[in-house]
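Asks:
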Amino acid sequence: MARLSTRHSYDMTSGPLLPQLFQFSLPLIASSLLQLLYNAADVAVVGQFSGAEALAAVGSTGSLINLLVNLFIGLSLGGNVIIAHAHGAGDHQGIRKAVHTTISLALISGVAVMILGVLASRPLLHLMGSPDDVIDLASLYMTIYFLGMPANMLYNFGAGILRAVGDTRRPLLYLAVSGLVNVALNLLLVIVFRMGVAGVAIATVVSQIMSAAFVIIYLIRTEGFIHLDLRSLRIDRHYMLQILRVGLPAGIQSMLFNISNVLIQSSVNAQGSTVMAGNAAGANIEGFVYVIMNAFAQAALTFSSANRGARQYARVRRVLLVSLGTVAVLGLAVGLTVLSLGEKLLAIYNTDPNVIQMGMVRMSIILPTYFICGLMDVTASQMRGVGYSILPMIVSLTGACLFRIIWIATVFAANPAMPILYISYPISWTLTFLAHLGCYLFAALPKLRKQGLEQA
1 MARLSTRHSY DMTSGPLLPQ LFQFSLPLIA SSLLQLLYNA ADVAVVGQFS GAEALAAVGS
61 TGSLINLLVN LFIGLSLGGN VIIAHAHGAG DHQGIRKAVH TTISLALISG VAVMILGVLA
121 SRPLLHLMGS PDDVIDLASL YMTIYFLGMP ANMLYNFGAG ILRAVGDTRR PLLYLAVSGL
181 VNVALNLLLV IVFRMGVAGV AIATVVSQIM SAAFVIIYLI RTEGFIHLDL RSLRIDRHYM
241 LQILRVGLPA GIQSMLFNIS NVLIQSSVNA QGSTVMAGNA AGANIEGFVY VIMNAFAQAA
301 LTFSSANRGA RQYARVRRVL LVSLGTVAVL GLAVGLTVLS LGEKLLAIYN TDPNVIQMGM
361 VRMSIILPTY FICGLMDVTA SQMRGVGYSI LPMIVSLTGA CLFRIIWIAT VFAANPAMPI
421 LYISYPISWT LTFLAHLGCY LFAALPKLRK QGLEQA
């Protein structure tokens, strides 16, 4: 049996905070980048070797896939918070029960979203107004993609368990191997076997199965409090309710958040396959900037939850300040750097000048302001880490989802130009960040101060 190495699981409740946040986040950034390479490789390969319609088909499915998947991914977030809290409190028996409950929920979630995705993909694509030259390919891609959902969920929930105890390196290693397989299979199935959209979907599913197998095998082989015993797989009612209390609002928020993204994608679809292709390529490139900021948001969640479990309330407050400063600097610097390389990066996906032009329209608005999205995510994650689940959900749905729906129905309807559509992103991020920050300052922070005084 493998042992839970102290090199990969460390104390998040003491020591210099900034180096620890980077130590936690850097492998997480690399892991997220590799996950993005799954879709990026799909988009780039079909864009270069199967044409703009195939690029539009694969690229236009992202918001719809997220709409169907993110409710369940929220549950993995709940497992992360509960296990991190128990880890900070030294409750090893609680961790064992939470681990087995989390993996059980992963299996149930994977099967449920697989069935839902296979049945609902084509009808939802119709509702989104996918053009006739795109919808068949998009439907094929999504059907194959959703067949891999049980593996996708097992990896995400299992990796969440490792991250909750401070281990972000093993998920990186597992994704590095499966990511290389994904890229190799993409090239083989699309270029050699001419399988097009089906080929990239199959490559993604195979890679997801590999990464899930790596995580589950490690959890089975490791000793200690995160050891997974398949014979003990069951749902503990107490820990399931705790996971649902944190994860369900986060999942509902993410799912409903994507309704606005689906509406935006529908507005893009109405402009034709060239605009769809440029939007898809631009959004894919932006994702590489987002994961840098999102890693620190996940670090804020895990560190604040662990320190709350250890009753280190002053350190909980410092987590937010350090995370916000880091995200602001990195988000702005990386966003502007990527924008300066925009045309060259877009050409990797498709060399059509019209596609590149439409991609630059999106990126020139999103990338300089993307750091605000990072500030929003860090503050919301901090709120969840200190025990608030419903409040950040309400704020996010109102400040981002509802605002964008109103924007599309009013401002964009009156002036249906793509820059008008894209500018709704930074405006909604700003409003939502300010609302989250207000909730933290006037609700969460006074409660933390009171708990600190009572502990003292």
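Numbered per our numbering, the sequence shown spans residues 1 to 456.
Ideal Cβ positions, reconstructed from N, Cα and C, are used throughout, including at glycine.
Keep in mind that this is a model prediction, so the values were computed, not measured.
Is it the case that the region 201–218 contacts the region 168–182, given that we only count it when at least three CB pairs across the two stretches are under 8 angstroms?
Replies: These segments touch.
Asks: Do LEU140 and VAL197 have their beta-carbon atoms positioned less than 8 angstroms apart in this structure?
Replies: Along the sequence shown, read from residue 1 onward, the residue named residue 197 stands at position 197. Along the sequence shown, read from residue 1 onward, the residue named residue 140 stands at position 140. Yes; because the gap between Cβ atoms is below 8 angstroms, this pair is in contact.
Asks: Should GLU343 be labelled buried (16 or more other beta-carbon atoms within 10 Å of its own) or exposed?
Replies: Locating residue 343 in the sequence shown gives position 343, where the first residue counts as 1. Per the 10 Å Cβ criterion, exposed.
Asks: Of the choices THR102, TYR388, GLY278 and VAL268, whose alpha-carbon is the least far from that of LEU162?
Replies: On the sequence shown, residue 162 is found 162 positions in, with the first residue counted as 1. For LEU162, the nearest C-alpha among the options comes from THR102.
Asks: If distances are taken between C-alpha atoms only, which option among VAL46, MET195, LEU332 and VAL183 comes closest to GLN35?
Replies: To locate residue 35, count along the sequence shown from 1; it is residue 35. Ranking the options by Cα distance to GLN35, first place goes to VAL183.
Asks: Which residues in the same chain have their Cβ closer than 8 angstroms to the Cβ of VAL322, if we skip the five residues on either side of it in sequence?
Replies: In the sequence shown, counting from the first residue as 1, residue 322 sits at position 322. Cβ within range, chain order: LEU17, LEU18 and LEU21.
Asks: By the DSSP assignment, the alpha helix (DSSP H) with ASN284 in it spans what residues?
Replies: Residue 284 sits at position 284 when you count from the first residue of the sequence shown. Counting along the chain, the alpha helix (DSSP H) containing ASN284 begins and ends at 273–309.
Asks: Just to confirm before moving on: does the CB-CB distance between ALA297 and ASP377 stay below 8 angstroms?
Replies: Along the sequence shown, one-based indexing puts residue 297 at 297. Along the sequence shown, one-based indexing puts residue 377 at 377. In this structure, ASP377 lies closer than 8 angstroms to ALA297 by Cβ.
Asks: Give the straight-line distance between the Cα atoms of TYR440 and VAL327, rounded to the nearest whole angstrom.
Replies: As a working mapping, residue 440 is identified with position 440 in the sequence shown. As a working mapping, residue 327 is identified with position 327 in the sequence shown. Using only the alpha carbons, I get a separation of about 18 angstroms.
Asks: Contact between the region 41–50 and the region 243–259: three or more CB pairs below 8 angstroms?
Replies: Because the criterion of three Cβ pairs below 8 angstroms is not met, the region 41–50 and the region 243–259 do not touch.
Asks: At a cut-off of 7 angstroms, would you count ILE420 as near the ligand FMN, judging by its Cβ distance to the nearest heavy atom?
Replies: Looking at this structure, you won't find the ligand FMN or any other ligand, since it has none at all.
Asks: What separation, rounded to the nearest whole angstrom, lies between the Cα atoms of ILE226 and ILE235?
Replies: Here the question's residue 226 lines up with position 226 in the sequence shown. Here the question's residue 235 lines up with position 235 in the sequence shown. Their backbone Cα atoms lie some 15 angstroms apart in a straight line.
Asks: Look at the alpha carbon of VAL291 and the alpha carbon of SER32, and state the distance between them as a whole number of angstroms.
Replies: Counting from one through the sequence shown, the residue named residue 291 turns up at place 291. Counting from one through the sequence shown, the residue named residue 32 turns up at place 32. Looking at the two C-alpha atoms, the distance is approximately 6 angstroms.
Asks: Take SER60 and list the residues in its own chain whose beta-carbon comes closer than 7 angstroms to its own, dropping the five residues that flank it on each side.
Replies: Position 60 of the sequence shown, counted from the start, is the residue given in the question as residue 60. For SER60, where only same-chain residues beyond five positions count, the Cβ hits under 7 angstroms are SER130, VAL134, ALA138, GLN265, ASN269, MET276 and ALA280.
Asks: Between LEU187 and VAL289, is the Cβ-Cβ spacing less than 8 angstroms?
Replies: To locate residue 187, count along the sequence shown from 1; it is residue 187. To locate residue 289, count along the sequence shown from 1; it is residue 289. For LEU187 and VAL289, no; Cβs fall outside 8 angstroms.
Asks: Expressed to the nearest angstrom, what Euclidean distance is found between the alpha-carbon atoms of MET293 and GLY374?
Replies: As a working note, residue 293 is residue 293 in the sequence shown. As a working note, residue 374 is residue 374 in the sequence shown. Straight-line Cα distance between these residues: approximately 5 angstroms.
Asks: The alpha helix (DSSP H) that contains ALA270, what's its start and end?
Replies: Taking the first residue of the sequence shown as position 1, residue 270 is located at position 270. No alpha helix (DSSP H) holds ALA270; DSSP gives it neither H nor E.
Asks: Assuming VAL338 and LEU345 are in contact, meaning their beta carbons sit under 8 angstroms apart, how far apart are those beta carbons, in whole angstroms?
Replies: Here residue 338 refers to the residue found at position 338 of the sequence shown. Here residue 345 refers to the residue found at position 345 of the sequence shown. Their Cβ separation, rounded to whole angstroms, is 7 angstroms, which keeps VAL338 and LEU345 in contact under 8 angstroms.
Asks: I need the DSSP call for THR61, collapsed to helix, strand or coil.
Replies: Position 61 of the sequence shown, counting from 1, holds the residue named residue 61. Three-state result, THR61: coil.
Asks: Taking the alpha-carbon of GLY247 as reference, which of SER121, MET393, MET418 and ILE427 has the nearest alpha-carbon?
Replies: For the purposes of this step, residue 247 is taken as residue 247 along the sequence shown, with counting starting at 1. It is MET393.
Asks: Going by CA-CA distance only, name the one from GLY47, TRP407, PRO27 and LEU28 that's closest to GLY282.
Replies: To locate residue 282, count along the sequence shown from 1; it is residue 282. Comparing Cα-Cα distances from GLY282 to each of GLY47, TRP407, PRO27 and LEU28, the minimum goes to GLY47.
Asks: Quick check on HIS85: buried or exposed, where buried means 16 or more other Cβ atoms within 10 Å of its Cβ?
Replies: Numbered from its first residue, the sequence shown carries residue 85 at position 85. HIS85 should be labelled buried.
Asks: Roughly how many angstroms separate the alpha carbons of VAL395 and LEU421, rounded to a whole number?
Replies: Along the sequence shown, one-based indexing puts residue 395 at 395. Along the sequence shown, one-based indexing puts residue 421 at 421. Spanning the two alpha carbons is a distance of roughly 22 angstroms.
Asks: Have a look at LEU437 and GLY331 and give me their C-alpha separation to the nearest angstrom.
Replies: In the sequence shown, the residue the question calls residue 437 occupies position 437. In the sequence shown, the residue the question calls residue 331 occupies position 331. Whole-angstrom Cα-Cα distance: 18 angstroms.
Asks: Taking 6 angstroms as the limit between beta carbons, can you name the residues of its chain near ASN66, skipping five residues before and five after?
Replies: Residue 66 sits at position 66 when you count from the first residue of the sequence shown. Answer for ASN66: ASN258, listed in chain order.
Asks: Within 10 Å of its beta-carbon, does ARG384 have 16 or more other beta-carbons around it, so buried, or fewer, so exposed?
Replies: Here residue 384 is taken as the residue at index 384 of the sequence shown, counted from 1. Buried, by the Cβ-count rule.
Asks: Excluding the 5 residues preceding and the 5 following MET128 in the sequence, name in chain order all residues of the same chain whose CB lies nearer than 7 angstroms to its CB.
Replies: For this step, residue 128 is matched to residue 128 along the sequence shown. Within the same chain, MET128 has close Cβ partners LEU64, VAL262, GLN265, SER266 and ASN269.
Asks: Name the residue from ARG315, VAL329, GLY287 and GLY359 whose alpha carbon lies nearest to the alpha carbon of GLY278.
Replies: Taking the sequence shown and counting its residues from 1, the one referred to as residue 278 is at position 278. When only C-alpha atoms are compared, the closest one is GLY359.
Asks: Assuming HIS100 is part of the alpha helix (DSSP H), what are its boundary residues?
Replies: The sequence position of residue 100 within the sequence shown is 100, counting from 1. Start and end: 92–127.
Asks: DSSP on ASN464, reduced to helix/strand/coil?
Replies: Only positions 1 to 456 of the chain appear in this structure, which leaves residue 464 out of reach.
Asks: Below 8 angstroms between beta carbons: does that hold for LEU75 and SER109?
Replies: As a first step, residue 75 is located in the sequence shown; it is residue number 75 there, counting from the start. As a first step, residue 109 is located in the sequence shown; it is residue number 109 there, counting from the start. For LEU75 and SER109, yes; Cβs fall inside 8 angstroms.
Asks: Looking at the unbroken alpha helix (DSSP H) that takes in VAL134, where does it start and where does it end?
Replies: Taking the first residue of the sequence shown as 1, we reach residue 134 at position 134. From DSSP, the alpha helix (DSSP H) with VAL134 extends over 132–147.
Asks: Where does ILE406 land, buried or exposed, given buried means 16+ other C-beta within 10 angstroms?
Replies: On the sequence shown, position 406 is the one that residue 406 refers to. Under this definition ILE406 is an exposed residue.
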